[in-house]
Structure formats: structure tokens, C-alpha cells
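Peer 1: Position 33 (the sequence shown) corresponds to 33 in my numbering; numbering is contiguous. Cβ coordinates follow ideal geometry from the N, Cα and C atoms, glycine included. Could you have a look at this structure, given as C-alpha cells, before my questions?
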Amino acid sequence: MRKEILSIITEHLTNERLDQIIVQTEEYRQAEQEENYLSERFEEMLDVEQRKAFNQYQTAENNRIATYIALTYQQGMKDVVNIFLSLAGGMGKI
1 MRKEILSIIT EHLTNERLDQ IIVQTEEYRQ AEQEENYLSE RFEEMLDVEQ
51 RKAFNQYQTA ENNRIATYIA LTYQQGMKDV VNIFLSLAGG MGKI
């Protein structure tokens with residue numbers, strides 16, 4: 001049950017709240033612009049088959065990064081809850 005609740009909270013926070021915060025930062029917008037520019041420049045050099053393979057690679061890489069971010073965020077939440085539990089006299093670990 002705890003795991004399901006944590007997964008629901010993590011999904012909501014990483015998919016909505018965190019996205020709203022991050023896309024507002026200048027540092028992120030600059031990094032995104034550079035990535036888009038370089039990606040377009042690179043794709044212009046590729047033929048159709050190469051572009052398809054590159055797009056599949058990008059999709060797989062994006063999925064890996066999204067999974068890593070969600071797991072990192074979830075672990076951070078677990079750590080905060082464990083700190084609160086230990087400060088409150090401890091009731092085990094999540």
C-alpha cells in the first residue's frame with residue numbers, strides 16, 4: 001500500500017509539478033534550445049533509415065532518463081519520510 005501511494009505521488013509530482021517548475025528556469029530553457037539545435041543539425045546529415053534509427057535511440061534514451069528521474073525523486077521522498085519517522089521516534093523504514 002505504501003509503495004502504491006508513493007508511486008502515485010511521485011508520478012503526479014514528476015509529471016506535473018516538477019515539469020512546471022523546471023521549464024520556467026532559464027538554465028533549462030537554454031539547455032533545451034542547445035539540444036534542439038544540435039539534434040536538428042545532426043538529423044539533417046542523416047538519410048531516412050539513419051534518422052529512423054536515431055529517433056528510436058532518442059526515444060529509448062528519453063525513457064531511461066525519465067525512469068531514472070522518477071526513481072531518484074521517489075528515493076528522495078523515501079529519505080525525507082524516513083528522516084521524519086526517525087525524528088518522531090522511529091516507526092521503521094519505507
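#1: Helix, strand or coil for G76, going by three-state DSSP, please let me know.
#2: Considering only residues of the segment 5-56, which uninterrupted alpha helix (DSSP H) runs meet the minimum length of 4 residues and lie entirely inside it, listed in chain order?
#3: Considering Cα atoms alone, identify which of I21, L13, S39 and L46 is closest to T59.
#4: Quick check: what's the CA-CA separation for G76 versus D47?
#5: Assign A88 to one of three DSSP states: helix, strand, or coil.
Peer 2: Well, looking at it:
#1: helix
#2: 18-22 and 26-44
#3: S39
#4: 43 Å
#5: coil
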